[in-house]
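Per the working numbering, the sequence shown starts with residue 3, numbered consecutively.
We treat Cβ as the ideally placed atom computed from N, Cα and C, and that holds for glycine.
Keep in mind it's a predicted model, so treat the numbers as computed, not measured.
Okay, structure first, notes after.
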Amino acid sequence: MNNKLSLRILLPTLASAVALSALISFSSAQNSPAGDGVVTTRSHIFTPVSDGIYHVTGTGTVNVMSHAMLIEGEHDLLVVDSHVSPNAGMALIEAIRNVSNKPVRYLINTHYHFDHAHGNQVFPQEVEIIGHTYTRQKLSGELGNVLEESTFISFTEGAPGQVASLQQQLAQETDAERRAELQGRLATAQAHLTSLGEIVPTPPNITIDESMSIYQAVNGGGREIRILHLGRGHTGGDVVVFLPEEKIVFTGDLMVPFIPYMGDAHVDEWPATLDRLKELDFETLLPGHGPIVQGKERINFLQAYLRDLWTNTDALKRQGLSAEQAAQQIDMTAHSGNYPQISGPGADVRAIRRIYQLL
Ligand SMILES: [Zn+2]
């Protein structure tokens, strides 16, 4: 990219750090100084994991809430997951223009959850949206309004309070630097809150039940992009996007490197689905949240946690505890080596309520 070149040439002539930061914020995108092909825009970071394949993460200036993937072919682009809101989805579309000017042809939804699919509506009409049949049923409203479900509500009801809290902090802050930082965070939180009110759940128009492949034209051949439903897990209709040639898989939230949300998960079926994930011949796992994972060992950690969570919850239910009591008392500390966030007894009450429901 030209920006890197111009930065290099201009750097020695810059008189101050202020001028440097002004220059950086003026340019919309730049390659990272390491020269590793990472493209950083105001809202997004595109980390290349293979030729034309990027793990896409937010910088924090826009609340995107989940990661995406971009796959660039000879003529067009394929995007996996659309973020949390129309605002975040639009920021993704704009940021992609710093990587490629080719049109987006396909958008894949790994699952129906708000933080991965509520940017769908801002993609142009000609973009084909692909997802599992269950994802279509959820986002089309066939199974009820997703905006009225506890999954959406429990993750978004705090947004107005967050704006109010930042406004209050800003009103009390006198330090200029701290005020500028708070103003930035407030603008991000306000844009997120406004956009949550503009969501029109938009379902996939192409559905799959088990698997399908797209052969994307690339120089010298066709790149297979395999979309697979390996069984139920994080939701009733997760798909992963597997690139057999490049040995890369994007897992959405079916596999993340920490304890995932389980409010409407199929906790009992999830470990077997992860067995099928392990059968895929991949080396690099791109999760819907958290850092890139190399190898398959962390999948074992999640399987072990899910199995124990199920067994321990079942035992507490048999003792007559309510889901709320069980969520406080459950002992998952045997897994704290793999999940440092476990500091004592307890688990997410939404996970325990869900297991009670399934039991
Ligand atoms: Zn998610």
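Item, Value
"At least three beta-carbon pairs within less than 8 Å, the stretch 232 to 242 to the stretch 271 to 289", "yes"
"Own chain, CB closer than 7 Å to residue 214, minus 5 neighbours either side, in chain order", "229"
"Inter-residue Cα distance where the pair is residue 278 and residue 186", "43 Å"
"Ligand 1 heavy atom lying under 7 Å from the CB of residue 238", "no"
"Where residue 215 falls: helix, strand or coil (DSSP)", "strand"
"Nearest-angstrom Cα separation, counted from residue 193 out to residue 284", "38 Å"
"Beta carbon proximity, residue 210 to chain D, threshold 8 Å", "As a matter of chain content, chain D is missing from the structure shown, which is built from one protein chain."
"For residue 124, the three-state DSSP class (helix, strand or coil)", "helix"
"Integer-rounded CB distance, given that residue 350 should sit under 8 Å from residue 257", "Rounded, the Cβ-Cβ distance is 17 Å, inconsistent with contact."
"Nearest residue (CA-CA) to residue 231, options 113, 81, 57 and 84", "113"
"For residue 296: DSSP bridge partner residues", "286"
"Complete beta strand (DSSP E) runs within the stretch 63 to 95 (minimum length 3 residues, chain order)", "70 to 74 and 79 to 82"
"Where residue 118 falls, given that 16 or more other Cβ within 10 Å makes a residue buried", "buried"
"With 16 other Cβ atoms within 10 Å as the buried cut-off, status of residue 109", "buried"
"Residue 138 burial status per 10 Å Cβ neighbour count (16 or more: buried)", "buried"
"Residues whose Cβ lies closer than 6 Å to any heavy atom of ligand 1, in chain order", "68, 115, 117, 118, 255, 290 and 291"
"Residue nearest to residue 292 in terms of C-alpha spacing, selected from 54, 61, 53 and 42", "61"
"Close beta carbons around residue 305, own chain, < 7 Å, minus the five adjacent residues each side", "273 and 276"
"Collapsed DSSP secondary structure at residue 332 in the structure displayed", "coil"
"Backbone CA spacing between residue 362 and residue 65 [nearest angstrom]", "Shown here, the chain extends from 3 to 361; a query on residue 362 therefore has no answer."
"Proximity to residue 343 [Cα-Cα], best of 307, 319, 318 and 195", "307"
"Residue from 334, 161 and 82 with nearest C-alpha to residue 345", "334"
"Cα-Cα separation between residue 330 and residue 347, rounded to whole angstroms", "7 Å"
"Cut-off 8 Å between Cβ atoms - residues of its own chain near residue 294, not counting five sequence neighbours on either side", "49, 51, 57, 286, 287 and 288"
"C-beta atoms of residue 269 and residue 355 nearer than 8 Å", "no"
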